[in-house]
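Heads up, the thing below is written out as C-alpha cells.
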Amino acid sequence: MATRGCVNSPNCFCYICGSYTVKKQQRNISNFVQKVYFAYFGIKLRVQDKSWVPHVVCSVCVEELRQWFHGKKNSFRFAVPMIWREPENHSDDCYFSSCSVQGFNLKNRKDISYPTIIRSVIRPVPHAPDLSIPSPPDTLDNILDQISPISSDSDDGYDPGTHDPELFSQSDLGLPKDTAEVLDLKKDIC
Numbered sequence: 000m001a002t003r004g005c006v007n008s009p010n011c012f013c014y015i016c017g018s019y020t021v022k023k024q025q026r027n028i029s030n031f032v033q034k035v036y037f038a039y040f041g042i043k044l045r046v047q048d049k050s051w052v053p054h055v056v057c058s059v060c061v062e063e064l065r066q067w068f069h070g071k072k073n074s075f076r077f078a079v080p081m082i083w084r085e086p087e088n089h090s091d092d093c094y095f096s097s098c099s100v101q102g103f104n105l106k107n108r109k110d111i112s113y114p115t116i117i118r119s120v121i122r123p124v125p126h127a128p129d130l131s132i133p134s135p136p137d138t139l140d141n142i143l144d145q146i147s148p149i150s151s152d153s154d155d156g157y158d159p160g161t162h163d164p165e166l167f168s169q170s171d172l173g174l175p176k177d178t179a180e181v182l183d184l185k186k187d188i189c
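Counting along the sequence shown from 1, when you hit position 12 you're at 11 in numbering that gives the first Met the number 0, and nothing is skipped either side.
See below:
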C-alpha cells in the first residue's frame, strides 16, 4: 500500500514506540539500534523496504536502549515493541492517518491521542510480572547472525485476507476490570 493516501508520513513516527517524533528527535535506524533492538526484543527490525513502515526511531528509544545495553538502566519501557503490518486502507486501518498530529511540537506532543485498535499495528506492551526483562549481552558482535534472516514476505502468521480480529483476554492484556468490560462491549458490537 503506498503512502500517497496517508495524512501523515510514516517517517514522522518512531518504529519502536509508534510515537509522533519531531525532526529534532528523529534518528536513523543504525546498526547499533538494529543490534540492541534484537538483543532486547529477540526480533529483527523488519519490512524496512516498505513505504508503510517508519524508517526512523525517536531519540528517547535510542537512548533507553543504549542505557539498557550499558547497564545503566534495568529495562526498556516496553516488553513488546510496536508491531507494524501493511494497512488495508487509509480510512480505518492506517495508523498514520488515524493520528492527528498537525500543530503538535516537542512541547505539546504528549497530548496526542493515538489509536488503540487498528488492525495494521499492535501497540507496544509495557512490562508486567509475567513478561521477563532480558539481560544485556556482553557484546553486540555477530548478534544478528544468531537467527536466520527474515524476509518481509515471510509467513509470520498474519493473513491480510482475514478480517476477524484476534481476541485477547483481560489477563493477556493486563487490563483492569473496568477497561476489560469496555473491551468486551466492543467485541460484542463487532
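Every residue gets a Cβ at the ideal spot worked out from N, C-alpha and C, and that includes glycine.
CA-to-CA distance, residue j to residue i, given in whole angstroms
i: K21; j: L105; result: Here the sequence assigns Val to residue 21, which means Lys is not the residue at that position. Taking the straight line joining both Cα atoms gives about 6 Å.
i: P9; j: I116; result: 18 Å
i: E62; j: E87; result: 33 Å
i: S74; j: P128; result: 13 Å
i: W83; j: R118; result: 9 Å
i: K71; j: I42; result: 22 Å
i: K49; j: F31; result: 21 Å
Top-ranked residue by Cα proximity to residue i, from the options
i: V56; options: W67, F75, F37, S29; result: S29
i: I142; options: S8, I116, F37; result: F37
i: Q66; options: D140, P80, P135, D144; result: P135
i: D92; options: F77, A78, Y113, N107; result: Y113
i: H54; options: G17, K71, K72; result: G17
Cβ-Cβ separation, residue j to residue i (assumed contact under 8 Å), whole Å
i: V120; j: Y94; result: 5 Å
i: Y19; j: C98; result: 7 Å
Beta carbon of residue i nearer than 8 Å to that of residue j
i: V100; j: C11; result: yes
i: L130; j: A78; result: yes
Residues near residue i in its chain [Cβ-Cβ closer than 8 Å; skip 5 each side]
i: D110; result: F103
i: N107; result: none
Close Cβ partners of residue i (< 6 Å) along its chain, the five nearest in sequence each way excluded
i: V35; result: L64, F68
i: P80; result: I15, F40, P123
i: D144; result: none
i: Q33; result: L44
Own chain, CB closer than 7 Å to residue i, minus 5 neighbours either side, in chain order
i: S58; result: Q24, R26
Any C-beta of chain D under 8 Å from that of residue i
i: V124; result: The displayed structure is made up of one protein chain only, and chain D is not part of it.
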